[in-house]
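For the sequence shown, position 97 (counting from the first letter as 1) is numbered 1379 according to the working numbering, and the numbering increases by one without interruption.
Since the structure comes first, as structure tokens, the remarks are kept for the end.
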Amino acid sequence: MPYPDANTLSNQNNKQTLTKHDKTWIISLFGTAVGAGILFLPINIGVSGLWPLIIMALLAGPMTFLAHRGLARFILSSQQPQAEFTDVVEEHFGHKFGLMISLLYFLSIFPILMIYGVGLTNTVESFIIHQLHMTPPPRILLSGILVTLMIGVMLTNEKMVLRAFEIIVYPLVFILFGLSIYLIPHWQMPDFSTVPTASDFGKTLWLAIPTTIFAFSHTAAISSFAVAQKRHYGDQANTKVDYILKHTSMMLITFVLLFVFSCVLSLSPAQLAEAKVQNISILSYLANEMNSSVIESLGPFIACIAITSSFFGHFLGGRESLNGIITKHTNIKPQLANKLTIAILFLSVWYAAVINPSVLSIMETFSGPVIAMILFIMPMYAIRNIDSLKQYRGKISNIFVTVIGLIAISAIIFNLI
């Protein structure tokens, strides 16, 4: 695709206009971030009361935008025009250290793909049993069909993949907004007089930061996104990446936080604590408490499109990183490596969906600290030590991102212990 001329890009940036290309990528990044985790976010954050939720709402925007911008800048810092994540880490950190980071990056995405394979199969199977009142096909067949459909979409060209994101995410945005408005009549006036002690408040915020980070994370799609912008915009890629990510963050904060606040205000802290004990999604709990057929019928649909959209984004990152590892550290040719990668991912996700393991939550806790290191710590380390990123040194935002990353990693380790 030829680069737009300099005058066109200059006019676009001065007017701060979004092209169709930009809007499509905003939707794709939004879809990657809004996975099944959003259905548990109101419970995990709201259970400690409204004040921690308000503070996290204020922090969520800067955390999301600055961290993902740092990772995108790291990808764009390569001298190679088509360099992906694995190429850039090897270029900047050397062969051995680059391999270690690339492997950790892949292993942070890989279990999430399997989690989504299990989640989608369980959701569809439950829908067939409880809503359609039918006997579902054997799990091995049902999961095989669902995984084949999801990965099949990802094997088409970039234009078709982005179009699939649009088809899936627009209904998700509409339904999230609609449910948020639907719950307004059920809002309860919060008790602002109840203020937790400083130690309790600090601990609550500390442990809430990882939940907030991963609820808004679109890390897995950032490499593909940055490469696409470099290919599309050439020398203007850095400016356009910042602009697109800013709008993505604004969209995420607007729709996700509206949904979270609407859910939290519709339930008491005691009810949220009960939902956490029951280990069910916020929609399932609301449907049970309100006896709402609307929420009960929309729940499976929301879960399916949220899981599918996030699966697409994580598959982009998983395929790209595993391809890079195989081609750089073996003698396998790129075309064969791509086929091998697809086969590995397909069989792994299908196998997990069939056996439905309960240990996936443990695997997810492994993804957490690695994503925090990749998204928050590594780009800031690179800015401090790599010459091609030196123009970004000395910014207060770098300190903010680094501190948030360290807090997230420490909180995750504390939860594991």
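A virtual CB, placed ideally from N, CA and C, is assigned to each residue, including glycine.
Straight-line gap, residue i to residue j (C-alpha atoms, nearest Å)
i, j, result
"L1315", "M1382", "The sequence shown places Ala at residue 1315, rather than the Leu named in the question. Distance between the alpha carbons of A1315 and M1382 is about 25 Å."
"G1650", "F1496", "8 Å"
"I1336", "V1329", "13 Å"
"P1420", "I1411", "13 Å"
"K1302", "I1463", "28 Å"
"L1734", "R1601", "Nothing about residue 1734 can be reported from this structure: the residues present for the chain run from 1283 to 1699 only."
"F1658", "V1683", "6 Å"
"T1501", "F1507", "10 Å"
"T1494", "G1319", "10 Å"
"F1356", "A1654", "15 Å"
"S1566", "H1611", "46 Å"
"N1404", "V1443", "24 Å"
"V1370", "G1376", "10 Å"
"K1276", "A1569", "The chain is shown only over 1283 to 1699; residue 1276 falls outside these bounds and no answer can be derived."
"M1283", "G1352", "Confidence in M1283 is poor, its pLDDT being 42 and thus under 50, which makes the residue's placement unreliable; the coordinate value appears in the next sentence. Roughly 26 Å separates the two Cα atoms."
"S1408", "S1574", "18 Å"
"A1339", "L1539", "7 Å"
"C1545", "Y1398", "23 Å"
Assumed close pair residue i, residue j - CB separation to whole angstroms, cut-off 8 Å
i, j, result
"A1557", "I1391", "The Cβ separation is near 28 Å, so there is no contact."
"L1465", "S1548", "5 Å"
"L1395", "F1593", "7 Å"
"S1708", "A1503", "In the structure as shown, the chain begins at 1283 and stops at 1699. Residue 1708 is therefore absent and cannot be evaluated."
"A1635", "V1429", "6 Å"
"G1331", "P1551", "6 Å"
Proximity below 7 Å, CB of residue i to CB of residue j
i, j, result
"S1591", "I1450", "yes"
"L1402", "I1589", "yes"
"M1533", "F1312", "yes"
"I1535", "A1342", "yes"
"V1455", "F1583", "no"
Counted within 10 angstroms of its Cβ, other Cβ atoms place residue i as buried (16 or more) or exposed
i, result
"V1435", "buried"
"T1530", "buried"
"F1448", "Phe is not the amino acid found at residue 1448; the sequence shown has Glu there. Classification for E1448: exposed."
"S1360", "buried"
"F1379", "exposed"
"Q1294", "In this predicted model, Q1294 has a pLDDT of only 48, less than 50, meaning its place in the structure is not dependable enough to derive any value."
"S1505", "buried"
"N1613", "exposed"
Minimum Cβ-Cβ distance from residue i to chain B less than 7 Å
i, result
"R1601", "Absent from the structure: chain B. Only one protein chain is present."
- Do three or more CB pairs link the region 1685 to 1693 to the region 1484 to 1491 at distances below 8 Å? A contact is defined here as three or more CB-CB pairs under 8 Å, and the region 1685 to 1693 meets this definition with respect to the region 1484 to 1491.
- Message: Within 8 Å, do at least three Cβ pairs link the region 1517 to 1532 to the region 1340 to 1349?
- Response: yes
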